[in-house]
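Protein chains in written order, with numbering that gives the first Met the number 0: chain S, 0 to 450; chain H, 0 to 450. Below you'll find the structure, written out as structure tokens, and then a few comments.
2 protein chains.
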Amino acid sequence: MHHMLDYGFRGKIYPINPRQPEIMGIKAYPGLEDIPGTVDYVIHLIGVNNAPDVLTQASHKGAKAMHILAGRAGETGRPEGKELEREILKYARESGIRVLGPNCLGVFCPKSGLAFGFDFPKEPGKVGALIQSGGNATDLIHISSLRGIRFSKVVSYGNALDINEADLLRYFTDDPETEIILSYVEGLRINGREYLELVREAASRKPVVICKGGRTKVGSRMTVSHTASLAGSVNLWETAIRQAGAVPVKNLDELVNMAVAFTFLPPIKGKNVGIVGAGGGRSVLSADEWEENGFNVPPLPRDIREELKRRGSQLWDWIDNPADVSIMIPGDPVTMPDVLSEIVKNPAFDFIAADAEEDPPFGKEPFIQHLTEDMMGYIKISRECQKPLLIIFDERSPGIKDMDSYIHRTRAELRTLLVKEGLGFFPSVSEAAKTIKELINYYQRREEIRH
Amino acid sequence: MHHMLDYGFRGKIYPINPRQPEIMGIKAYPGLEDIPGTVDYVIHLIGVNNAPDVLTQASHKGAKAMHILAGRAGETGRPEGKELEREILKYARESGIRVLGPNCLGVFCPKSGLAFGFDFPKEPGKVGALIQSGGNATDLIHISSLRGIRFSKVVSYGNALDINEADLLRYFTDDPETEIILSYVEGLRINGREYLELVREAASRKPVVICKGGRTKVGSRMTVSHTASLAGSVNLWETAIRQAGAVPVKNLDELVNMAVAFTFLPPIKGKNVGIVGAGGGRSVLSADEWEENGFNVPPLPRDIREELKRRGSQLWDWIDNPADVSIMIPGDPVTMPDVLSEIVKNPAFDFIAADAEEDPPFGKEPFIQHLTEDMMGYIKISRECQKPLLIIFDERSPGIKDMDSYIHRTRAELRTLLVKEGLGFFPSVSEAAKTIKELINYYQRREEIRH
């Protein structure tokens, strides 16, 4: 309730508490039956044991759905937990109320102001997510919102006793507010074939990214005690997800990276990358990582060199792809933004990876100026041209004093600017390369499915 | 000079400038020959063309070494650049002065206050680094200092015209202030067999971690224009480095992670990991990633369960490895630190991976309290026991407002605490698992080499 008020829930809230006349400034009722009129949605925050009783009461108030937060039901593996779930399901079916949970955080819906955690972004967005684990749902929202991702709805659905992956996949497939679907799933309540059919249907209409928890023997052992799920084989799962047209990922970071790619990048269809923005050593390692991930880093085409020469550059024969910024000569008629524009225009490149990271060693003012100018250049290019441009912007581990240093504050300001400008950034070259590889793979499969 | 003054260089500095009587408050001299007495070390910050002249002058002042910062020598690939390098080398040999560079940032030596960049940590440490690229050297120092790494010396050696990887490897092998050697190398000035012999000798005395730039076709094409180096085959290189007893890595992040592992962790010899600290979904994914990297995540041993039962825990049959913190019951006689202590004592586990990351969804005070208590618990355990304990502490991408939020400030404060307490932390489970895999591999190879 704290989160909902904090977040700005726009509907009416009726707290229920037999011992308090008021909760957080809102009139409380001793029981569900004491609330005047009807109730749409019941959030059940107390122990799971009396959920059957509350379901009966809720049905008398016309409720359509109930979210049971508490766990210690089927996932304990104990017979009494399983029995309790059977009973809850029986009451749900009898009352016609759809149950979300038990053992989950419920629904985050920015548009209606429903939130289950703190510090969630207020603006609605186009990413929908069905995330079996509440902790992973919270982490996903926190991590991805820093990268500019905004959500239509996020549903943490826990033990999936009643509302399960099938209901939610169908919902997000049809939801006009959702353009990209993310999912974390530990196990299935429906059979695999039916599930893959639903994934295929969803993926035929919007990008779908699925992170499977419990891929391994031990991971799968854990899902039993976490959400009482059964797990399958890793490779089978990955292959099946790909064949259904969705993107399989292995952890939350990959889930976030794919969300960033689908949100901020146009389709990327080829593997020729133009690399700009870093100094020598960083460029060399960047080229290595792109190539090791199956990309081509073509040499700077002859026509670009000729153009640079024509403009009187002293560097025309030396500059290459990656374009090493550290060799630029002050006063040369050709600047790095000029080189970048040429690369952007040239058909030899399918997309651009721009680095925002090299720490220029010359002190405060040049550091701020260099980083800011680079970023403004990238923003300008991304506005003017259709060629996909992604930015590498390392994450680091600042200590408390670093939080007030110009280095980390400048970086933070530029990240805010990138988010505002709708540019996608990735925390390392390896993560960028892995993500774009999956993105290209996705568009290729989609082409194949269509033809 | 700015960096040296800023950093607190303890020796005497003689700026040379024909047009200024004073530079940054220090008396300047029109030429090298005008400096009274002898000079130990010359830092050549102007264009590379007059380096031969300056070498002659330096030899008259008794200088032992000269660092040439500027590039545009051999690495341009142009005949005049190569000719210039031949000339510099000739003058160096004639004068008996050792030359560092050209095309490099030179020496960072905290003990003597010599620094080539801004914001470097002031305290000396036990990590030595020979980093061919100046940008990579700067990034390495910045990134790893946030993780608690401190350096004996870092040498950026660029084109390696005179002082090369062989000199530096020999130096760091013998240097009593260096206990761990890191290297970024683009190409070799000596032949491969000789190099591997030097690596083998170094690795027989201290851990050696080597990042090779220019592993791929394109990366290698780039090293030619960056430091005029020749590259070899990826797999050959990796295998050879491993056989020599060193650890090959692919990028700066991996270099930093290995430095953290060698600096803060005792030898890890087995693959059985105990996982604590995260909630359900995060635990499941963590278990998956450790297992996919070849680790065992053994189920909670029977004797631990029996002990928990004896102490009256309601969770004795439910809690497992990973130990899911979200299932803990307030008031249960067994707390998560109790479970952690049992795991630490138990021989079923070779090391512990502790998670510091789940965002508890309950608001400010619980967030701060939960994270801080977890970390204090890990610090206490790490002080009391010999079992290796590493911490997973995600990096994120805060925007400018986030820099002042309690979430990111609490995280930053805890990172500072961890560094102070000498605990190693890793930015993700996958990076931790990859790093520890290499660490175990390293100790195994060392055993094999010895027997």
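Where is the CB? At the ideal position from N, CA and C, for every residue including glycine. Source: prediction; values computed, not measured.
Check your understanding: CB-CB under 8 Å to S/L251, same chain, minus the five flanking residues each way: which ones, in chain order?
Key -> Closer than 8 Å at the Cβ level, and outside the excluded window around S/L251, lie N135, D138, L139, I142, Y183, C210.
>> I'd like the list of long-range same chain contacts for S/G269, defined as Cβ closer than 7 Å, with 5 residues on each side in sequence excluded.
In response: The answer, listed in chain order, is D349.
inquiry  = Considering only their Cβ atoms, is the gap separating S/A165 from S/I130 smaller than 7 Å?
reply    = Not in contact: S/I130 and S/A165 (Cβ atoms no closer than 7 Å).
task: Output the distance between the C-alpha atoms of S/H369 and S/M3, rounded to the nearest integer angstrom.
output: Going by the C-alpha atoms only, they are around 42 Å apart.
Closer than 7 Å, CB to CB, is H/V296 near chain S or not? Yes, because at least one Cβ of chain S sits closer than 7 Å to the Cβ of H/V296.
Notebook entry, point to check: What beta strand (DSSP E) runs, 3 residues minimum, are completely inside the segment 361-401 of chain S?
Noted result: Here the runs fully enclosed are 388-391.
*Mind listing, in chain order, the continuous beta strand (DSSP E) runs of no fewer than 3 residues lying wholly within the segment 88-135 of chain S?*
Counting only runs of 3 or more, we get 97-99, 105-107, 126-130.
With distances taken between CB atoms, is the gap from S/I267 to S/P426 smaller than 7 Å?
No, Cβ-Cβ distance for S/I267 and S/P426 is not below 7 Å.
Review point. For S/P247, which three-state DSSP category applies?
Key: Collapsing the DSSP output to three states places S/P247 in a strand.
Discussion item. Between which two residues does the alpha helix (DSSP H) holding S/V428 run?
Written reply: First-last of the alpha helix (DSSP H) with S/V428: 428-449.
Checklist entry - Between which two residues does the beta strand (DSSP E) harbouring H/K211 extend? => result 207-211 is the extent of the beta strand (DSSP E) around H/K211.
Check: With distances taken from CA atoms, which of H/G133, H/V98, H/R97 is nearest H/A114?
Finding: Comparing alpha carbon positions, the residue from H/G133, H/V98, H/R97 closest to H/A114 is H/G133.
Of the residues S/W317, S/G362, S/N163, S/D331, which one's Cα is nearest the Cα of H/Y6?
Selection S/W317, S/G362, S/N163, S/D331 evaluated against H/Y6 yields S/G362 as nearest (Cα-Cα).
What in chain H is Cβ-close to S/G112, meaning under 9 Å? At a C-beta separation below 9 Å, S/G112 has no neighbours in chain H, since its nearest C-beta there lies roughly 16 Å away.
Requested in this report: Could you check what DSSP says for H/D354 in three-state terms: helix, strand or coil?
Outcome: Three-state result, H/D354: strand.
- First and last residue of the beta strand (DSSP E) that includes S/A64? S/A64 -> beta strand (DSSP E) spans 64-67.
Does the beta carbon of H/V283 come closer than 7 Å to any beta carbon on chain S? It does: the Cβ of H/V283 has a partner Cβ on chain S nearer than 7 Å.
Looking at the structure shown, is S/L229 part of a helix, part of a strand, or coil, going by DSSP?
For S/L229, the predicted model reports a pLDDT of 46, less than 50, meaning its position is unreliable and no value from the coordinates is stated.
| What residues match up with H/L475 in a beta bridge as DSSP calls it? | Residue 475 of chain H falls outside the range modelled here, since chain H spans only 0 to 450, and no answer is possible.
For this session: Below 8 Å CB to CB, which residues in the same chain sit around H/V53 once its five sequence neighbours on both sides are set aside?
Result: Contacts found: L31, V41, H43, M65.
Pull up the DSSP beta-bridge partners for S/Y28, would you.
-> S/I15.
Restricting to Cα atoms, I'd like to know which of H/K81, H/A27, H/R241, H/G24 is closest to H/N48. When C-alpha distances from H/N48 are compared across H/K81, H/A27, H/R241, H/G24, the shortest belongs to H/K81.
Between the Cα of S/L83 and those of S/E93, S/L160, S/G36, S/K63, spot the shortest distance and give me the residue it belongs to.
If we check each option's Cα against that of S/L83, S/L160 comes out closest.
Practice item. Note down, in chain order, every chain H residue with its Cβ under 7 Å from the Cβ of S/T429. Key: It is worth fixing the name first, because residue 429 of chain S is Ser in this sequence and not Thr. Those within 7 Å of S/S429 in chain H are N250.
**Message:** Tell me which residues share the same chain as H/S151 and place their Cβ nearer than 7 Å to its Cβ, disregarding the 5 neighbours each side in the sequence.
**Reply:** Within the same chain, P123, G124, K125, V126, G127, D174, E176, T177 come within 7 Å of H/S151 by CB-CB distance, once the 5 residues on both sides are set aside.
### Task
Starting from the C-beta of S/L229, find all residues in its chain whose C-beta is less than 6 Å away, skip the five residues before and the five after it, and write them out in chain order.
Low confidence applies here, because S/L229 scores a pLDDT of 46, under 50, leaving its location unreliable; read the following figure in that light. Excluding residues within five positions, the ones whose Cβ falls inside 6 Å are G186.
Could you give the DSSP three-state label for S/K268: helix, strand or coil?
-> Coil.
(message) Does any residue of chain H have a CB that is nearer than 7 Å to the CB of S/L229?
(response) Because S/L229 sits at a pLDDT of 46, beneath the cut-off of 50, its placement in the model cannot be relied upon, and the following sentence gives the value as read from the coordinates. S/L229 does not count as touching chain H.
Practice item. Mind listing the chain H neighbours of S/V217? Cutoff is C-beta to C-beta under 7 Å, in chain order. Key: Under the 7 Å cutoff, chain H gives A286, E290, V296.
- May I have the straight-line CA-CA distance separating S/A201 from S/S111, to the nearest angstrom? Per the coordinates, the alpha-carbon of S/A201 lies some 24 Å from the alpha-carbon of S/S111.
- Message: For H/P397, would you say it is in contact with chain S, using Cβ-to-Cβ distances shorter than 7 Å as the test?
- Response: Yes, H/P397 lies at the interface with chain S (some Cβ there is under 7 Å from its Cβ).
Worksheet entry | Proximity to S/P17 [Cα-Cα], best of S/F8, S/I34, S/H1 | Distance from the Cα of S/P17 is smallest, within the candidate group S/F8, S/I34, S/H1, for S/I34.
Here's the rule I'm using: 16 or more other beta-carbon atoms within 10 Å means buried, otherwise exposed. How should H/C384 be labelled? Under the 10 Å beta carbon count, H/C384 is surrounded by fewer than 16 other beta carbons and is classified as exposed.
Problem set entry | Where S/K60 falls: helix, strand or coil (DSSP) | Here DSSP, grouped into helix, strand and coil, assigns S/K60 to coil.
Can you give the Cα-Cα distance for H/R414 and H/K63, rounded to whole angstroms?
Straight-line Cα distance between these residues: approximately 42 Å.
* Take every Cβ of the segment 271-287 of chain S, pair it with every Cβ of the segment 306-323 of chain S, and state whether three or more of those distances are shorter than 8 Å. => Because the criterion of three Cβ pairs below 8 Å is met, the segment 271-287 of chain S and the segment 306-323 of chain S touch.
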